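Note that the working numbering has the sequence shown beginning at 6, numbered continuously upward. For reference, the structure is listed below as structure tokens.
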Amino acid sequence: MLDFLGDLRRTHMCGVLRASDAGKKAVLMGWVNRRRDLGNLIFIDLRDRTGVTQVVCNKELNPAIHEKAGQLRNEYVVAALGTVKQRDPNTVNKNIPTGEVELVADELRILNEAKQPPFLPGDTVLPNEELRLKYRYIDLRREAMQFNIELRHKVAIAIRTYLATQGFFEVETPFMTRSTPEGARDYLVPSRVQPGSFYALPQSPQLFKQILMISGFDKYFQIVRCFRDEDLRADRQPEFTQIDLEMSYPQPERVWEVVEGFLSAAFKATGIEIKPPFPRMTYDEAIRKYGSDKPDMRLPEMTDVREAFAPENLATLGVSATLPVVAIRIPKVGELSRKERDDIKPLFTAKGGSKLFEDFKRLEKNFPEAASKIRPKTGAQPDDLLVIVSGDNKPGEHKSAGGVKPEVKQHDHAVYTAAGLLRIALAQKYADRHGAFKKTGNPEKDFRFLWVTDFPMFEWDEDGKRWAAAHHPFTSPHERDMDKLQSDPGAVRALAYDVVLNGTELGSGSIRIHRQDIQTKIFHALGMTEEEARARFGFFLEALEYGTPPHGGIALGLDRIVMILAGAESLREVIPFPKTARAVDLMVDAPTPVSDAQLKELGIQVKKG
Ligand code: ASP
Numbered sequence: 006m007l008d009f010l011g012d013l014r015r016t017h018m019c020g021v022l023r024a025s026d027a028g029k030k031a032v033l034m035g036w037v038n039r040r041r042d043l044g045n046l047i048f049i050d051l052r053d054r055t056g057v058t059q060v061v062c063n064k065e066l067n068p069a070i071h072e073k074a075g076q077l078r079n080e081y082v083v084a085a086l087g088t089v090k091q092r093d094p095n096t097v098n099k100n101i102p103t104g105e106v107e108l109v110a111d112e113l114r115i116l117n118e119a120k121q122p123p124f125l126p127g128d129t130v131l132p133n134e135e136l137r138l139k140y141r142y143i144d145l146r147r148e149a150m151q152f153n154i155e156l157r158h159k160v161a162i163a164i165r166t167y168l169a170t171q172g173f174f175e176v177e178t179p180f181m182t183r184s185t186p187e188g189a190r191d192y193l194v195p196s197r198v199q200p201g202s203f204y205a206l207p208q209s210p211q212l213f214k215q216i217l218m219i220s221g222f223d224k225y226f227q228i229v230r231c232f233r234d235e236d237l238r239a240d241r242q243p244e245f246t247q248i249d250l251e252m253s254y255p256q257p258e259r260v261w262e263v264v265e266g267f268l269s270a271a272f273k274a275t276g277i278e279i280k281p282p283f284p285r286m287t288y289d290e291a292i293r294k295y296g297s298d299k300p301d302m303r304l305p306e307m308t309d310v311r312e313a314f315a316p317e318n319l320a321t322l323g324v325s326a327t328l329p330v331v332a333i334r335i336p337k338v339g340e341l342s343r344k345e346r347d348d349i350k351p352l353f354t355a356k357g358g359s360k361l362f363e364d365f366k367r368l369e370k371n372f373p374e375a376a377s378k379i380r381p382k383t384g385a386q387p388d389d390l391l392v393i394v395s396g397d398n399k400p401g402e403h404k405s406a407g408g409v410k411p412e413v414k415q416h417d418h419a420v421y422t423a424a425g426l427l428r429i430a431l432a433q434k435y436a437d438r439h440g441a442f443k444k445t446g447n448p449e450k451d452f453r454f455l456w457v458t459d460f461p462m463f464e465w466d467e468d469g470k471r472w473a474a475a476h477h478p479f480t481s482p483h484e485r486d487m488d489k490l491q492s493d494p495g496a497v498r499a500l501a502y503d504v505v506l507n508g509t510e511l512g513s514g515s516i517r518i519h520r521q522d523i524q525t526k527i528f529h530a531l532g533m534t535e536e537e538a539r540a541r542f543g544f545f546l547e548a549l550e551y552g553t554p555p556h557g558g559i560a561l562g563l564d565r566i567v568m569i570l571a572g573a574e575s576l577r578e579v580i581p582f583p584k585t586a587r588a589v590d591l592m593v594d595a596p597t598p599v600s601d602a603q604l605k606e607l608g609i610q611v612k613k614g
């Protein structure tokens, strides 16, 4: 018998045969997607990552093959040799690219059998996610997952190629290292040779990439895994992939240009043309206009309408005359019923200090003059939803999420962020009505990128009662704010920036501190003593003293970018082997306890109970 498995000239992927191949001999190898037994004819849909082709086994032409075909079950791995035949016009399957042809089998070989899987790749109804993750290898055979993983590959290749052509080197940095302060807990790896000592898995390659600048690799990038032990929220993973980059001598604009370049290349690889440069907005402006440091600009900005109210109006309404009075406009929601207005109230989750006026009609009735100014000021059309968020006039209740100083600003911030959260909640609730989240096919509308710049350098950590780095402690403050480091840390702005897409933060970066004396000052402002700073970052402080060029960079989440491009709902849809919300890998069953012998070797004792 011809050993057709080795005959690569005739080997085809299952999704490639077309009408023009009719008459050719071909070999297909793949999984049995479906088998239909019509008596004398058995049809097998053979599947691989390129698609499906129908293989026909005809009892009259070849009884032995027909019999073998009868033994096939779902997900058997099969090789079929045969002749490509144009299908009769009435049997053409218009739904698949190979639908005009079929392979008439001359030989059939079962390469491997398969147990009945817990679900089939072709099932139209998805099993629950636990089952999908436990049997991830079956789940990954599904067309949607094959698409997502291919997309991920294309995006990564496009980014690598773009950065390489711009002169960036991809350089690997260690996974077994020491703690990097990105604000999460570390995953620790015990050392056997030095019992009681631990490596930390990197939360990011931050210090290594800065050291690479000191080492003369002036354009670095890496598509790299990072590890953060955080309480997992819906779209977080304990290990995730960053597109990490750093360059010497850049202005922020140069970093942005590189990011815009590689994002354009990545989007182009999936057929979407985006047009840089992206708009830019300072952090303060973002808070004022959107109540968020990651504005979703597919919907209108908020408007401060305090001026529209006379002071007596504000007093009657119990509204602070000094805090912002913010109008939120969501287009095309239409008039709300009383019940719908009641449904809005729980969306307003501000913890005190802010007030919601969800019944604009009533405001209009009681304060016609103010309302008549608010409509044009916000640009509201008659069928737009308008709600107002203000500060109430009980002093001392205004808690800010961001802890921004000085005090007055902190109170403003609280009102803006309360309004910003409500704006997004309303936008999601009424997505069907305003339609702004629906893809239109016009990239300028569908993908609203934005640079948010000039973040605060520090955040007030209420628990620790101290200032913490808002980005990380290697971020450079603005030159003009240097003198406020001690006297007014909350007012110091950083050369830090985020790239945002449709209300999602894709990445953060900054221009770094490149002088040892300033780095020491920042550690000091963060409440670290000289000794603490030396103990944690001594190697880095020393490196800074050996001729460090000015440098800066950024890191973007690859998983998130692919998720958006795939139109997926969760990061788990675009990560081949993800973990659950409890940080468990259900397929390999990790983490697991280890043997006493292993623990002993590491000098570790686990407390029971
Ligand atoms: N290391 C930072 C992060 O992971 C990014 C950067 O500053 O380049 O967020």
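Idealized CB from N, CA, C, for every residue including glycine. Everything numeric in this text was worked out from a predicted model, so none of it was measured.
According to DSSP, residues forming a beta bridge with residue i
{"i": "Glu112", "result": "Leu86"}
{"i": "Tyr192", "result": "Its beta-bridge partners do not exist; DSSP assigns none."}
{"i": "Met307", "result": "Answer is none; Met307 lacks a bridge partner."}
{"i": "Ile559", "result": "Leu250, Gly514"}
{"i": "Thr480", "result": "Arg517"}
{"i": "Thr129", "result": "The partner list for Thr129 (beta bridge, DSSP) is empty, contrary to what the question assumes."}
Own chain, CB closer than 7 Å to residue i, minus 5 neighbours either side, in chain order
{"i": "Arg577", "result": "Pro583"}
{"i": "Arg303", "result": "Ala441, Phe442, Arg453, Asn507"}
{"i": "His477", "result": "Pro186, Glu187, Gln211"}
{"i": "Ser209", "result": "Thr185, Glu187, Cys231, Gln247, Asp249, Ala560"}
{"i": "Pro316", "result": "Ala326"}
{"i": "Ala74", "result": "Ile47, Ile49, Cys62, Leu113"}
{"i": "Arg141", "result": "Phe582, Met592"}
Cutoff 6 Å; reference residue i; Cβ partners in own chain excluding five residues on either side
{"i": "Leu561", "result": "Ile248, Leu511, Gly512"}
{"i": "Asp191", "result": "Ser184, Ala205"}
{"i": "Pro126", "result": "Arg146, Arg147"}
{"i": "Phe314", "result": "Ala375"}
{"i": "Gly87", "result": "Leu108, Val109, Ala110, Asp111"}
{"i": "Met34", "result": "Ala84"}
{"i": "Phe545", "result": "Leu212"}
{"i": "Asn318", "result": "Phe372, Ala375"}
{"i": "Gly28", "result": "none"}
Reduced DSSP secondary structure (H/G/I, E/B, other) of residue i
{"i": "Asp594", "result": "coil"}
{"i": "Gly512", "result": "strand"}
{"i": "Asn626", "result": "It is not possible to answer for residue 626, since the shown part of the chain is limited to 6 through 614."}
{"i": "Asp601", "result": "helix"}
{"i": "Gly44", "result": "coil"}
{"i": "Asn153", "result": "helix"}
{"i": "Lys30", "result": "strand"}
{"i": "Asp486", "result": "helix"}
{"i": "Arg517", "result": "strand"}
{"i": "Gln208", "result": "coil"}
{"i": "Met568", "result": "helix"}
{"i": "Glu175", "result": "strand"}
{"i": "Glu464", "result": "strand"}
{"i": "Ser395", "result": "strand"}
{"i": "Gly56", "result": "strand"}
{"i": "Arg233", "result": "coil"}
{"i": "Phe226", "result": "strand"}
Integer-rounded CB distance, given that residue j should sit under 8 Å from residue i
{"i": "Pro305", "j": "Gln386", "result": "About 10 Å; that fails the 8 Å criterion."}
{"i": "Asp564", "j": "Phe272", "result": "Contact flag wrong, Cβ pair sits at about 16 Å."}
{"i": "Ala1", "j": "Met462", "result": "Residue 1 lies beyond the residue range present for the chain, which begins at 6 and ends at 614; the question has no answer from this structure."}
{"i": "Lys350", "j": "Leu361", "result": "7 Å"}
{"i": "Ser61", "j": "Asn38", "result": "Here residue 61 turns out to be Val, not Ser, going by the sequence shown. Actually they are not in contact, since the Cβ atoms of Val61 and Asn38 sit about 15 Å apart, beyond 8 Å."}
{"i": "Phe173", "j": "Tyr254", "result": "Between Tyr254 and Phe173 the Cβ distance is about 14 Å, and since that is not below 8 Å, they are no contact."}
{"i": "Ser359", "j": "Asp388", "result": "That belief does not hold up - the Cβ atoms of Ser359 and Asp388 are roughly 26 Å apart, past 8 Å."}
{"i": "Thr509", "j": "Lys299", "result": "7 Å"}
Below-8 Å beta-carbon distance, residue i vs any chain D residue
{"i": "Pro243", "result": "No chain D appears in the structure shown, which is made up of a single protein chain."}
Cut-off 8 Å between Cβ atoms - residues of its own chain near residue i, not counting five sequence neighbours on either side
{"i": "Val579", "result": "Asn153, Ile154, Leu156, Arg157, Asp564, Val567, Met568, Ala571, Ala573"}
{"i": "Val194", "result": "Met181, Phe203, Tyr204, Ala205, Leu206"}
contact_flag[the region 417-432, the region 319-330] where n(CB pairs < 8 Å) is 3 or more: yes
Within 8 Å, do at least three Cβ pairs link the region 151-164 to the region 198-213? no
Count the C-beta pairs between the region 443-463 and the region 344-355 that are closer than 8 Å, then say yes if the count reaches three, no if not. no
Between the region 11-28 and the region 94-108, are three or more C-beta pairs nearer than 8 Å? yes
Are there three or more Cβ pairs, one per stretch, closer than 8 Å when the region 513-528 is compared with the region 542-556? yes
The region 456-472 contacting the region 271-289, beta-carbon criterion three pairs below 8 Å: yes
Whether or not the region 583-592 and the region 528-537 are in contact is what I'm after, with contact meaning three or more pairs of Cβ atoms, one per stretch, closer than 8 Å; do they touch? no
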